[in-house]
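Under the UniProt record's numbering, the first residue of the sequence shown is numbered 1, with each subsequent residue one higher.
First up is the structure itself, then whatever we jot down about it.
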Amino acid sequence: MSDPRPGPFGPLVAVAILAAVAVAAGGAWPPFVAVESDSMAPGVERGDLVVVAATDRRGGVVGSDEADAPTRLGETGDVVVFTSPTEPDRPILHRVAFEVSAGEDWTTRADPTMLTADCTDLRSCPAAHDGYVTYGDANGAYDQSTGISPVVREEWVHAKAVASIPVVGYARIGADAAIARFGAVIAGAGIVVLLAGIGGLGSILLGRVRDGWMDRRRDVHRSGEE
1 MSDPRPGPFG PLVAVAILAA VAVAAGGAWP PFVAVESDSM APGVERGDLV
51 VVAATDRRGG VVGSDEADAP TRLGETGDVV VFTSPTEPDR PILHRVAFEV
101 SAGEDWTTRA DPTMLTADCT DLRSCPAAHD GYVTYGDANG AYDQSTGISP
151 VVREEWVHAK AVASIPVVGY ARIGADAAIA RFGAVIAGAG IVVLLAGIGG
201 LGSILLGRVR DGWMDRRRDV HRSGEE
């Protein structure tokens, strides 16, 4: 008789299916981004997992200054994942304030409380190229004002945020740290073993709960016949 309980690799299959659905719906790969800092708090915090979509989905990229700006991760305006040439190995998850054109003094359109200097004293002003002015919700200043990033070119943007899942991103952060320390092969093998172990333990616990429930039903049935 076959055992109906899920196998130890059930979680792996579930994760793969979830990723496939997210990619199909959002058109971005990877479909999830783990938040590694609190620069976007309180909407998303370190350890959260953000579901992302391609930038051409859901109306493109819309800045927080536009009248029809959507609400994303707690505030208005799209939140995008981009790579800055100042730190090319670290993707940044920040909100778009507004779009600018090459040569523009974008500080005239900016919130003065989020500027650290006038245009003449900022390296990213006037804008060297078309792109976006961005900021972290918790930072209190534009990325282009603090030197986090120049004006963000459209081609630097990899995806935009759709939703967030609290805490789940710690698994991704831990996996990245393990890969950086031990290498992809060893870390990957360890993660597979860990997931298999969790799946196996879950299968055992679910099986015991099911068996206990079935035993109780049989006892109730027998007592009713007596």
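Even glycine gets a Cβ: it sits at the ideal position worked out from N, Cα and C.
Identified DSSP bridge partners for residue i
i	result
residue 142	135
residue 94	80
residue 100	131
residue 165	49
residue 72	75
residue 36	Per DSSP, none; premise fails for residue 36.
residue 159	81
Exposure of residue i, with buried meaning 16 or more beta-carbon neighbours within 10 Å
i	result
residue 165	exposed
residue 136	buried
residue 155	exposed
residue 123	exposed
residue 21	With a pLDDT of 47 at residue 21, under the threshold of 50, the modelled position of this residue cannot be trusted, and the question is left open.
Contacts around residue i, its chain only, beta-carbon distance under 6 Å, and the 5 residues preceding and following it disregarded
i	result
residue 177	For residue 177, the predicted structure reports a pLDDT of 47, less than 50, and the residue's modelled location is therefore unreliable. A value from the coordinates is still provided. Result list for residue 177: empty, nothing under 6 Å.
residue 131	151, 152 and 153
residue 91	81 and 83
Residues near residue i in its chain [Cβ-Cβ closer than 7 Å; skip 5 each side]
i	result
residue 104	126 and 127
residue 35	44, 45, 46, 47, 48, 50, 93 and 169
residue 99	63 and 132
Of the residues the options, the one placed nearest residue i, counting alpha carbons only
i	options	result
residue 111	150, 134 and 162	134
residue 119	68, 145 and 81	145
residue 162	122, 70 and 109	70
residue 65	76, 59, 114 and 117	76
residue 121	33, 98 and 107	107
residue 97	57, 88, 140 and 37	140
residue 227	142, 159 and 78	One cannot answer for residue 227 here, as it falls past the ends of the chain, which runs 1 to 226.
residue 52	129, 72, 167 and 68	72
residue 160	88, 101 and 95	95
Contacts around residue i, its chain only, beta-carbon distance under 8 Å, and the 5 residues preceding and following it disregarded
i	result
residue 41	137 and 138
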